[in-house]
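Scroll down for the structure; my scribbles are underneath it.
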């Protein structure tokens with residue numbers, strides 16, 4: 007009834023029902039222009055990421071059609087462009103390569119299964135509002151992982167760029183092979199690859215400022231810089247065709263089937279369900295990692311772009327939309343997709359306003375798949391490799407190491423571990439080790455909380471750390487402030503600390519725990535408090551609590567602690583000291 | 007030089023150098039008496055736990071000798087008694103049973119390897135001061151695990167108690183078999199087992215109060231109650247010998263080799279190192295879990311007993327001592343050991359003062375192994391099973407479920423998951439799931455911290471939650487208090503919350519984050535604060551911080567945040583509001 011102002015539940019699940027009603031000619035124009043720009047950029051990029059994932063070129067085009075349309079139905083971002091992305095393509099190659107030989111039918115089927123599994127996992131996580139799981143990928147872990155992935159991707163492309171045989175999923179495998187095989191590099195391939203690489207780097211760094219110096223307008227220079235990679239591509243196709251490089255052993259894209267994506271069902275080649283089921287069991291862990299990495303990339307890009315326009319995106323809606331997109335990719339000859347950084351930024355810059363731009367881009371790519379593919383026959387794989395390398399080198403963030411080292415050593419450890427293991431072992435090992443390390447380091451940090459002995463700031467009702475301030479301590483009373491929530495990882499430390507502090511103060515008759523920074527007390531910490539209370543009581547010392555926060559106090563009332571407590575609970579620490587000090591025979 | 011008052015580094019590693027110098031006749035008497043009591047108790051208990059671990063009876067005696075002597079060298083507790091314990095024996099049976107068939111030479115060798123690995127892991131963890139890792143076993147996880155283990159142990163003993171064939175490591179395997187095989191139970195075995203069980207339960211519950219009612223002194227009644235299980239054992243040996251029960255198919259302990267423990271080296275049966283290496287790879291995860299569970303049990307018992315005498319134990323020293331003990335067990339025909347609850351309590355009650363009591367106990371058990379083993383030939387396994395069942399039923403804590411449910415639902419989930427999976431799948435799965443669940447639940451709880459909008463309590467400089475108190479808000483200023491440290495799991499939530507709060511207050515020009523409850527800001531949260539600052543700035547809103555704690559402020563100074571911050575850092579929230587309010591054209 008009131009559809010435009012407050013979205014209904016159906017509209018929250020399918021935002022297209024909301025923005026679709028308000029669609030008009032001006033939005034159509036903006037989205038249409040953006041779609042043309044993005045289509046031109048996506049044709050080479052899709053082919054390149056298919057190459058990176060170890061799949062036939064057309065898989066890259068297919069993976070950019072159905073997902074874009076499906077994302078438009080459920081996505082909450084107006085500018086996110088969904089399709090193959092660098093890091094998820096590398097992860098696809100690593101995980102699919104572990105279960106099938108590259109180039110085989112089984113490899114293609116495994117990539118489809120991976121997309122289906124990622125899609126299903128994302129849909130389930132989105133429906134169960136588990137988007138917060140992506141938060142477990144800390145910034146240092148993501149940063150180390152993305153930088154290492156960029157280097158790995160670049161290294162993996164050397165085989166196409168130079169025409170040397172290379173197999174492996176980490177630098178420890180790739181680099182020695184490169185060293186041994188460097189003498190057998192294929193000269194025409196290397197010439198084409200290195201030439202394209204040099205030209206692309208030159209264009210990226212010099213074209214825009216150069217044109218501006220020549221008096222070209224900023225807008226035109228920008229457009230030229232964006233179109234330049236397509237020109238490099240066309241140039242290398244022309245050279246390859248004229249000199250018949252394929253006959254000299256330069257690998258080219260070759261025949262790309264003309265037409266729209268096929269419908270691909272799991273078990274299609276065998277007809278049975280046993281093989282797909284076994285495949286799903288082998289691939290679900292990589293699928294989960296790809297889902298999380300893809301989701302984090304997509305949400306980060308989507309939130310940054312939305313914030314620039316004062317819009318917001320809904321992470322759980324994004325999960326569902328990406329899930330549907332991946333299901334679409336898995337059923338239409340593609341491989342895992344996500345909201346990619348470069349394509350989304352181009353889409354945003356080109357003026358896209360709604361997900362309809364994605365639908366138009368899909369139409370553009372469909373036209374390309376129908377009519378342009380014969381033109382791609384002579385495109386050298388070395389040129390695509392050069393395209394990938396230029397793109398992924400922007401992923402490598404060298405400065406993050408120094409910044410993180412200066413800021414926090416624990417974060418640096420997680421960063422270095424993720425970076426090192428991703429390079430030396432592989433993407434899965436790096437990611438899992440990084441997440442485990444950041445959780446363990448968190449638990450370690452909070453397992454030894456800061457516990458200060460506090461005394462009264464003279465003339466006030468404030469109590470501060472005796473080591474940092476000149477304060478008064480009442481004999482017989484030990485005031486302790488715990489600067490952390492109490493939970494299983496630090497419960498025993500609290501027991502030890504209190505025992506140690508009481509042991510060096512034989513005159514103490516009262517211990518007052520100031521709980522102003524305690525946001526929670528879990529069952530393990532409750533158990534420890536009961537133990538501390540009993541042990542202190544056995545040695546003639548009373549345990550008191552002060553400044554217990556409302557929710558914590560409410561919860562403690564549901565336990566036996568308050569009934570068993572040898573002392574009392576005071577509203578303020580000062581009240582505790584006032585009540586306990588005078589009556590105390592020291 | 008000053009050895010007695012301040013222990014040297016060597017004495018911290020080998021506490022025997024400290025207490026050994028002060029050893030005297032009165033300590034000798036106390037320790038000697040305790041040793042006699044514990045030896046009498048340990049003979050049946052050691053045999054029973056060997057049976058539980060699936061090993062020959064002598065392994066239980068061997069595992070109680072070398073470990074006790076080695077613990078005495080490095081242990082910091084004067085009363086802990088080291089040897090096989092119920093839960094670690096069950097875990098041994100589960101993990102060794104997964105790599106070798108019970109009764110085979112390979113099974114015994116795997117148990118030795120498990121002890122060696124546990125010992126090595128504990129020594130490494132102790133040397134690296136990783137004792138805090140045991141804190142990751144939260145109280146609900148330990149509680150659920152121990153209760154489920156008690157039930158599992160009792161169920162696993164039904165095969166010996168009733169003489170029915172049963173194989174399996176969880177209730178889902180054991181119970182259906184029990185149901186099917188109940189008709190084929192062995193009548194003489196069941197009679198002996200159930201008879202012993204009834205007698206032991208009767209003795210445990212009625213003997214002490216009964217004797218007291220008959221006018222026997224409390225001390226004598228206590229001694230009788232402790233000696234009664236040995237009497238039940240002797241009675242069943244006598245019955246078994248007289249009626250020649252072994253010939254009627256009742257399984258008896260049989261021939262136990264007379265003599266001291268052999269030296270057992272890994273690879274002993276094959277002579278090579280390949281097989282032990284493969285075995286070590288297969289067993290290191292179970293060894294780690296056994297180490298952690300054993301360490302937690304040992305430290306809990308040790309701390310409780312030490313506190314009763316106003317003594318303290320050193321958890322890292324305990325880890326090293328237990329590590330050495332397990333190495334000893336692995337090299338002398340034993341299996342994984344720990345500081346057991348029941349034997350340590352008996353040792354304490356009997357008056358043990360130093361680890362020398364353990365050395366004397368080891369001598370007592372050596373004498374038993376040399377001279378008493380022929381007397382054990384006729385001991386029915388059903389009696390040992392009854393001994394185990396009576397002992398482990400005290401492990402089951404029914405009340406913990408209701409208590410934890412009332413206190414904290416998250417802890418209840420971890421408790422139930424650990425309990426359920428341990429029973430339904432097995433000890434390893436239960437423990438791993440429990441630890442994972444408690445970490446995930448912790449991250450989930452802290453990933454959505456309480457963030458309050460704060461306003462001024464009229465007439466004061468205090469700021470409180472606007473939802474809970476009547477407070478004044480300055481137009482144009484949004485004060486937010488975050489009740490949690492900021493780290494990777496809640497960094498994005500903070501971004502979302504601030505964006506949402508600003509979005510509903512179009513007039514806001516200043517956001518002031520009150521950081522009084524923020525004990526830490528990690529690199530991910532720093533990144534989020536920078537993002538928040540940039541986004542707010544882009545929409546004309548300044549970000550300020552107030553009441554930043556000293557260590558947090560020190561760390562922020564090493565980042566770019568303070569330089570890029572659009573606003574300022576204020577000492578108190580009130581100063582922030584005073585500085586920002588008057589100059590603001592609302």
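Protein chains in written order, with my numbering: chain A, 7 to 592; chain B, 7 to 592. Even glycine gets a Cβ: it sits at the ideal position worked out from N, Cα and C.
- Nearest C-alpha to residue 265 (chain A) among A:37, A:512, A:483, A:71: A:71.
- For residue 25 (chain B), the number of other beta carbons within 10 angstroms of its own is at least 16, and it is reported as buried.
- Between residue 399 (chain A) and residue 156 (chain A), the C-beta spacing is below 8 Å.
- If you draw a straight line from the Cα of residue 445 (chain B) to the Cα of residue 452 (chain A), it is about 13 Å long.
- The Cβ neighbour count for residue 466 (chain B), taken over all protein chains shown within 10 Å, is under 16; the residue is labelled exposed.
- About 7 Å separates the CB atoms of residue 518 (chain B) and residue 579 (chain B); that is less than 8 Å, so the two are in contact.
- The beta carbons of residue 551 (chain B) and residue 575 (chain B) sit closer together than 8 Å.
- The segment 66 to 82 of chain B makes contact with the segment 321 to 336 of chain B: 3 or more CB pairs, one atom from each, lie closer than 8 Å.
- Distance from the Cα of residue 559 (chain A) is smallest, within the candidate group A:219, A:383, A:521, for A:521.
- Between residue 40 (chain B) and residue 370 (chain B), the C-beta spacing is not below 8 Å.
- The three-state reading of DSSP puts residue 257 (chain A) in coil, since its state is none of H, G, I, E or B.
- Excluding the 5 residues flanking it on each side, residue 543 (chain A) has same chain C-beta neighbours closer than 7 Å at 572, in chain order.
- Beta-carbon to beta-carbon, residue 483 (chain B) and residue 516 (chain B) are separated by about 5 Å, close enough to satisfy the 8 Å threshold.
- The beta carbons of residue 353 (chain A) and residue 75 (chain A) sit no closer together than 8 Å.
- Rounded to whole angstroms, the separation of the alpha carbons of residue 364 (chain B) and residue 133 (chain B) is 23 Å.
- Not a single CB atom of chain A sits nearer than 8 Å to the CB of residue 324 (chain B).
- In this structure, residue 300 (chain B) lies away from residue 114 (chain B), with their beta-carbon atoms at least 8 Å apart.
- The Cβ-Cβ distance between residue 397 (chain B) and residue 348 (chain B) falls below 8 Å.
- The beta carbon of residue 202 (chain B) lies closer than 7 Å to those of 238, 242, 388, 389, 392 in the same chain, with the five residues before and after it left out.
- Scanning chain A for C-beta atoms nearer than 8 Å to the C-beta of residue 525 (chain B) yields 455, 456, 489, 490, 523, reported in chain order.
- The shortest CA-to-CA distance from residue 85 (chain B) to any of B:339, B:309, B:271, B:16 is the one to B:309.
- Within chain A, no C-beta atom comes less than 9 Å from the C-beta of residue 344 (chain B); the nearest is roughly 17 Å away.
- Under a 10 Å Cβ-count criterion, residue 377 (chain A) is classified as exposed, with fewer than 16 other Cβ atoms of the shown protein chains found around its own Cβ.
- Residue 468 (chain B) carries a coil assignment under DSSP once its states are collapsed to helix, strand and coil.
- In summary, the residues of the segment 528 to 541 of chain A whose CB is separated from some CB of chain B by less than 7 Å are 528, 529, 530, 532, 533, 541, in the order they occur in the chain.
- Taking C-beta atoms as the reference points, residue 410 (chain B) and residue 418 (chain B) count as a pair closer than 8 Å.
- Rounded to whole angstroms, the gap between the alpha carbons of residue 22 (chain B) and residue 307 (chain B) is 20 Å.
- In this structure, residue 170 (chain B) keeps its C-beta atom at 8 Å or more from the C-beta atom of residue 136 (chain B).
- In the three-state scheme derived from DSSP, where H, G and I count as helix and E and B as strand, residue 211 (chain B) is classed as helix.
- Under the three-state reduction of DSSP output, residue 552 (chain A) falls in the strand class.
- Interface with chain A (8 Å Cβ-Cβ cutoff): residue 431 (chain B) is excluded.
- The C-beta distance from residue 166 (chain A) to residue 252 (chain A) rounds to 14 Å, too long to fall under 8 Å, and the pair is not in contact.
- If you draw a straight line from the Cα of residue 538 (chain A) to the Cα of residue 228 (chain B), it comes to about 30 Å.
- The segment 230 to 237 of chain A makes no contact with the segment 336 to 347 of chain A: fewer than 3 CB pairs, one atom from each, lie closer than 8 Å.
- According to DSSP, residue 457 (chain B) shares a beta bridge with B:488.
- Beta-bridge analysis with DSSP links residue 438 (chain A) to no other residue.
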